[in-house]
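Scroll down for the structure; my scribbles are underneath it.
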Amino acid sequence: MFVEIVENAAKVLVLEVIRDEALGDFWEIDNQLKQDGRSRLWRLIQSLRYFCALIKASGMILIEEAWTRWQGQPPADCTTEPLQATEDYEGNTLTTEEFHQVKQYCATRRLYGLGLSRKLLGLPQNLSSYWLRQADRVIDQSLAQGQKVIDAEAIANSFMLSSLIRQVESVPPHSVDVQTFHHWVEQITLDESFLDRYVLFDEQFYKRQLVCRTWSLVVYVISWMPGQEVGVHHHGLALDAIQVIRGEMTHWFVPPDHWEENVPFEGFEPARRYEGPSEIYRAGDVVAIDRRHGHQIANRSDQPLVTLHFRFGHPPEDKHWRSTNDTEMFVWNQTEGCFDLIPPNMGRCTPSRL
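Residue numbers for the sequence shown follow the numbering used here, so the first one is 79 and each next one is one higher.
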């Protein structure tokens with residue numbers, strides 16, 4: 079009942095420009111708390127905290143508008159030039175410019191409130207950018223759940239991954255060939271400092287660490303010490319693309335007509351070593367492996383190697399996975415079409431060991 083009370087109060091006390099989206103998040107949060115078996119008192123406390131955050135955001139917007147009028151300038155959303163129509167995401171990728179804009183916006187919101195952040199960056203109150211509106215949604219949800227730090231880097235990089243997943247899932251899986259997948263992955267540039275969260279070397283074996291996973295795509299980092307390698311194998315009907323983040327990767331291709339039944343499916347050990355011709359790939363290079371094509375990877379340099387893998391299909395199942403810390407987990411939001419950074423104390427994160 080208190081949810082309805084808060085909703086009715088919001089219709090009076092919360093500005094219309096943020097009300098609908100915020101109330102949608104509010105219902106989602108309360109429903110999740112209910113599913114987690116939280117007490118009515120706890121749900122009431124969380125509802126009041128979220129409602130107070132909405133009141134604060136509304137107040138800051140009103141103060142900014144009043145300040146603008148006092149200075150004799152038109153409000154940011156009432157300029158003489160018409161604003162670009164707000165459009166839902168229609169498959170467009172997140173550009174490099176938008177990626178940096180999202181990071182800047184999130185970093186500013188980490189220091190200031192919503193209204194002031196938009197003013198400082200010269201943005202209208204009614205944002206036309208899909209990605210900035212999603213940043214607001216994730217930030218507001220995190221703050222409403224008690225998170226005190228806005229992780230601008232994680233939000234921006236998760237949106238880059240969201241952009242790729244939207245491309246992958248916008249077409250029938252069988253229509254995605256290796257050239258198309260290679261092109262998509264080439265457009266993905268994640269911050270190396272962000273990927274460092276998933277780098278963890280092991281003296282004995284190379285190690286994988288999950289970044290994110292949906293029904294169709296798995297993204298993970300592999301850390302290789304000098305001398306570590308994986309024997310020749312194939313991925314069945316899955317596509318794979320590898321982006322070298324740091325170091326030097328030695329890679330072998332083994333097309334189907336060269337191996338037939340002699341190359342095992344990945345995960346079957348011990349895998350034999352392939353001695354054919356190899357190629358060297360360095361930071362920034364991307365290599366894609368087609369369905370039913372074998373390959374082999376090794377770090378034959380004297381420096382550590384870090385690779386980022388995009389698997390369109392089923393992920394490998396073996397002993398080389400490490401669990402991703404819950405605080406770094408991305409939870410795919412099917413409704414919004416992007417990742418939410420959900421804190422573990424909300425009970426929505428599960429261990430990511432595959």
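Here a beta-carbon is modelled for each residue, glycine too, at the ideal position from N, C-alpha and C.
Assigned secondary structure, residue i (DSSP; H/G/I helix, E/B strand, else coil)
| i | result |
| --- | --- |
| Tyr284 | coil |
| Leu295 | strand |
| Ala163 | The predicted model places Ala163 with a pLDDT of 30, which falls under 50 and marks its position as unreliable, so this point remains unresolved. |
| Glu264 | helix |
| Lys315 | A small fix is needed here, since residue 315 is Leu in this sequence, not Lys. DSSP places Leu315 in coil when its eight states are reduced to three. |
| Ala361 | coil |
| Val247 | For the sequence presented, residue 247 should be read as Glu rather than Val. Reduced to three states, the DSSP call for Glu247 is coil. |
| Gln203 | coil |
| Val289 | strand |
| Arg118 | helix |
| Gly169 | Note that Gly169 has pLDDT 45, beneath the 50 cutoff, so the model's placement of it is unreliable and the number below is only indicative. In this structure, Gly169 counts as coil in the three-state DSSP scheme. |
| Asp274 | helix |
| His392 | coil |
| Arg369 | coil |
| Asp335 | helix |
| Val84 | helix |
| Leu93 | coil |
| Asn235 | helix |
| Val256 | helix |
Neighbourhood of residue i by C-beta, 8 Å cutoff - its chain only, sequence neighbours within 5 removed
| i | result |
| --- | --- |
| Ser136 | Leu91, Val92, Leu93, Ile96 |
| Leu210 | Gln179, Val180, Tyr183, Leu201 |
| Arg188 | Val227, Ile228, Ala230 |
| Pro333 | His371, Gly372 |
| Arg274 | In the sequence as presented, Arg is not what sits at residue 274; that position holds Asp. So no residue of the chain qualifies. |
| Leu221 | Ala131, Ile228 |
| Phe134 | As written in the sequence, residue 134 is Lys, which differs from the Phe given in the question. Gly191, listed in sequence order. |
| Arg127 | Ala222, Gly224 |
| Glu353 | none |
Segment limits, beta strand (DSSP E) that includes residue i
| i | result |
| --- | --- |
| Phe331 | 326-332 |
| Gly372 | 372-376 |
Residue(s) in a DSSP beta bridge with residue i
| i | result |
| --- | --- |
| Trp302 | Leu383 |
| Ile228 | For Ile228, which the question treats as bridged, DSSP gives no partner whatsoever. |
| Glu307 | Ala376 |
| Gln321 | Val364, Leu386 |
| Phe279 | According to DSSP, which records beta bridges pairwise, Phe279 is partnered with nothing at all. |
| Phe343 | His312 |
Extent of the continuous alpha helix (DSSP H) to which residue i belongs
| i | result |
| --- | --- |
| His178 | 174-189 |
| Tyr352 | Unbroken run through Tyr352: none, as it is neither H nor E. |
| Leu221 | 208-222 |
| Ser195 | 192-198 |
Same chain, Cβ closer than 6 Å to residue i, five either side skipped, listed in chain order
| i | result |
| --- | --- |
| Ile83 | none |
| Asp368 | Val256 |
| Gly115 | none |
| Ala163 | A caution first: Ala163 carries a pLDDT of 30, below 50, which makes its placement in the model too unreliable to give a value. |
Cut-off 7 Å between Cβ atoms - residues of its own chain near residue i, not counting five sequence neighbours on either side
| i | result |
| --- | --- |
| Val277 | Val299, Ser301, Val384 |
| Glu247 | Ser294 |
| Thr171 | Ser241, Gln245, Gln265 |
| Asp269 | Glu231, Asn235 |
| Ala185 | Ala230 |
| Ser356 | Thr328, His329, Trp330 |
| His260 | Ala319, Val364, Ala366 |
| Pro251 | Ser294 |
| Ala213 | Val180, Tyr183, Cys184, Ile233 |
CB contact check: residue i to chain B, cutoff 7 Å
| i | result |
| --- | --- |
| Gly372 | The structure shown contains no chain B, having only a single protein chain. |
Inter-stretch contact at 8 Å, needing at least 3 Cβ pairs: the stretch 378-386 / the stretch 230-247 = no
Would you check if there are 3 or more beta carbon pairs closer than 8 Å linking the stretch 320-330 to the stretch 355-369?
-> yes
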